[in-house]
Structure formats: structure tokens, C-alpha cells
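Following this note's numbering, the numbering of the sequence shown begins with 46 at its first residue and continues without gaps.
Heads up, the beta-carbon is just placed ideally off N, CA and C, and yes, glycines get one too.
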Amino acid sequence: MNDIVRTLVTIILFFGILGILVLVHEVGHFVTARLFKVRVLEFGVGFPPRAKVLRNRGETIYTLNWLPIGGFVKLEGEDGDEAEDPRSFAAQPLWKKLVILLAGVAMNIVLAFAIFAGIALTGDPAIGVYVPYVDPGSPAEVAGVRVGDVIERVDGQAYDVFAGLEPVLDDLRERTGKTVVLTVRRGDAILDLTATLRPADEIAEGKGALGIGKAAVRDDDGNIVEPGVPLEGRLSKDRVTYPFGDALGLGVERTVTATRLIIDGVGQLASAIVTRPTEAPPASGPVGIATQIGDVFWTLGPIVTLYLAGILSANLAVVNILPFPPLDGGRMLMLILKRFVGQRLSLRAERLTYFVGFAMLLLFLVWVTAFDIARGLGGT
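Rendered as C-alpha cells:
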């Protein structure tokens, strides 16, 4: 029964997050089209078939549709037909068309920033260091640290889960030879333990400042002869809050970082498609994304799931700006090409390009989804 509930919640989360991200994207197209007085024929929540007309006053029909995967905006003349109506999309100057298409991407970037900044402002979840091993005679053992403890603070400082364990370890290294207070969670109890960290010369020999991890032992050829015991992170009940200005700065920084990682990922994916088409790609389809959302929600909670939604929003922005039809970037490219080649690019050729591009995207989704399913079944 629990597995059924988890699966249902995961599916709801997937469609809910994806739906909101796509809907926000379409709102960008809708708002800029209205600002430019372009005639909007329909604004749909979800994808057809149509379930209900929500509003049918004025020139725009607002509809609710059965497929809960975002929404769409239908503009007059957007299919390339030269319309007589001066308010059609086809009748607009090039710069207005490009702004309308770019607005969806911009909205997803703005949403990613808002999510990251909002989480930082209300308080990032904190991370603790799970103790998998205590070195005999180490500062940790002398202080009373036990295997299974989670160190949540060092001298009262909590650590942001989104920064990982490195800031915790950096703080311990910077306090070499000094006495620190470790706030430790042991079961349901919170303890303050005092530890005097190892001096710098012992750390230079490869020993840890606290002695709660164990490095792997290697022979002269670099082969592991005795496996190490690596440190692990655990979600803490603490929160790390930031002032308003710092939260905005973190919002920008995390948006840029997420966008850069996705751009790098697109490059790796393109390389994998060309050089290793039979191997699992460095990307996930709908099944893989839904699985990731569920794993994050059930193991790390709603705040980290919201953070993942921010990453997905940046992902959607980058993917949509790619110059590949029928994505927004591809449509922008076609508009620019039409400006230079004029009537030599016929409406039939343009529609054929979009059809072929859509077919290729569909094949790509099938390809990555096959690997997602294989991974779920224990394959590679």
C-alpha cells in the first residue's frame, strides 16, 4: 500500500511541477503578445482535448484541457500564414516576434531565480555530517563522538545543504589545533561535545582534523588495498537563513550555476548521441525526471524538491532556446532565416521543417525513456 501511495504522490508531483513550469513559460508568451496587442485566440491550461471553456469573453478563449502538462497559447497567424489582420503574429515586425518567443524562456529563468532566492530568504535546509567511523585515539573519540552520530553544527554554525559537506570540512581544517564545540544529534537527543582538533602537522600527514572518516589505503601502483570509509551528509532539522540582499545574490548565483550546468549537459548529451548512441545518455526523459522528483521528495523533503523545480525551470529555459525546431529557439532561427532568404523559404518548407523537428524530438524522448525504464528495472 505504501508503495502505491508513494507512486501516486510522485506522479502528482511530476505533473504538478512540470505543469506549473510549462504554464509559466506560456504566460510569458501570453503577456508579451497582449502587450504588443497581438490577437491571442486561446490560452489553454493543460493540453487538448478540451475539458471546459473557463471564459469566453472578448477575443481570447480561456480553456481547461484534459492533459495536465502545462498549457499553450494560440496566436492568430503564428503558423506562418500571412494574415490580413494587422494584429496577427505574422504581421508583426521581426523584433516583436522574437521578443514574444523569447519571453517564455525569460519567464522560466525568472521563476528559477524566484525559487532559489525565496528558499534562501525563508531558510535553506541545513546539512549535517554523518559519522561512519571514529578513529581510535582521535579528537572525535576523546570528545565522545560515536559512530551513527550526526554533527549538525561547529561552534554554533549550521551549514547549507545546497553547498554540500565541503564548507563543514573547510571550517574544521581552518580550526586545526583549536577547541571547538560540536552540536551532535544522537537519535532524538542533541548534545554539545567539546573537541580539540588535530594540529596542522598531523593533518599534513593525511590525518583528519576530527578523525571521523577513513581514507582508502593504496599500494605503490595506486590500487586500493583497503577501502576507505567516506563521510556522508544527512539532512538536518536546522535552517540557514540569509538577509534579503544575500538571498537575492544567492538566487542569481544559483540560477547562473544551474543554467551553466545544463548548458554543459547539453554539450555532453550531443557528444553522447554521436559517439555512444547505444549507451545510456547523460540525460533523463519523463520517467527519469519523475523518479528523481520522487526520490528527492521522499528522502530530502519538500524544500529540496522545490529547489529541484528551480533547476528544472532553468533546464526548460535552456532547452527551449536551442535553435532546433519546433522549440522557441528553432522558431526564432526560422524567423531570422526568412528575413534573409525571403520568399525562397516557402510556408510548406517551414511546416515540413517543424514536422521533422518534432518527429526527431519524439524519437529522442523515446530513446531516453527506454534507458530510464532500463535503469528502473536494474539495467544500465
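DSSP lists no beta-bridge partner residue for Q137.
Following the DSSP letters along the chain, one finds Y352 in no beta strand (DSSP E) but inside the alpha helix (DSSP H) bounded by residues 347–366. The beta carbon of I418 sits closer than 8 Å to those of V332, all from its chain and outside the five residues before and after it, given in chain order. At least 7 Å separates the beta-carbon of N360 from that of I308. According to DSSP, residue pairing for Q337 in a beta bridge does not occur.
L255 is classed as buried because its beta carbon has at least 16 other beta carbons within 10 Å across all chains shown. Beta-bridge partners of Q202 (DSSP): V199. Straight through space, the alpha carbons of A394 and R384 are spaced by roughly 15 Å.
Checking the DSSP bridge columns, you'll see G173 partnered with R279.
Secondary structure of K259 (DSSP, three-state): strand. V155 and D180 have their C-alpha atoms spaced approximately 48 Å apart. V401 and R100 have their C-alpha atoms roughly 35 Å apart. Restricting attention to alpha helix (DSSP H) runs no shorter than 4 residues, the region 288–333 encloses them at 289–320, ordered along the chain. Between the alpha carbons of L351 and I338 lies a gap of roughly 9 Å.
Taking the Cα positions, F289 is about 6 Å away from L166.
Residue L372 holds the alpha-carbon nearest to the alpha-carbon of A404 among M377, A415, L372. Cβ neighbours of L112 within its own chain (closer than 6 Å, five residues either side excluded): G91, F92.
Under the DSSP definition of a beta bridge, D237 partners with T228. Taking each of G346, T105, F207, V50 in turn and checking the Cα distance to V76, the smallest one comes out for T105. Three or more beta-carbon pairs separated by less than 8 Å link the region 168–178 to the region 192–199, which places the two stretches in contact. The beta carbon of T414 lies closer than 6 Å to those of G330, V332 in the same chain, with the five residues before and after it left out. Taking 7 Å as the cut-off, the beta carbon of V229 is found closer than this to the beta carbon of L238.
DSSP lists no bridge partner for I114.
In this structure, V319 and A240 do not form a Cβ contact; the two beta carbons are roughly 53 Å apart against a cut-off of 8 Å. P93: member of the beta strand (DSSP E) spanning 85–100, first to last residue.
Just so you know, the alpha carbons of F81 and S281 end up roughly 49 Å apart.
At the C-beta level, A171 and Y204 come within 7 Å of one another.
Contact between V69 and I145 does not hold, since the beta-carbon distance rounds to 15 Å and is not under 8 Å. In the structure shown, the three-state DSSP call for R284 is strand.
A Cβ-Cβ separation of about 7 Å places I62 in contact with L357 under the 8 Å criterion. 7 Å or more divides the Cβ of I366 from the Cβ of G375. The C-beta of V386 has fewer than 16 other C-beta atoms within 10 Å across all chains shown, which makes the residue exposed. Across the set W140, E121, I248, the C-alpha of E121 shows the shortest separation from the C-alpha of R132.
For T221, there is no enclosing alpha helix (DSSP H), since its DSSP letter is neither H nor E. Counting C-beta atoms within 10 angstroms of its own C-beta, T108 has 16 or more neighbours from the protein chains shown and is therefore classed as buried.
Between the alpha carbons of I334 and I269 lies a distance of about 35 Å.
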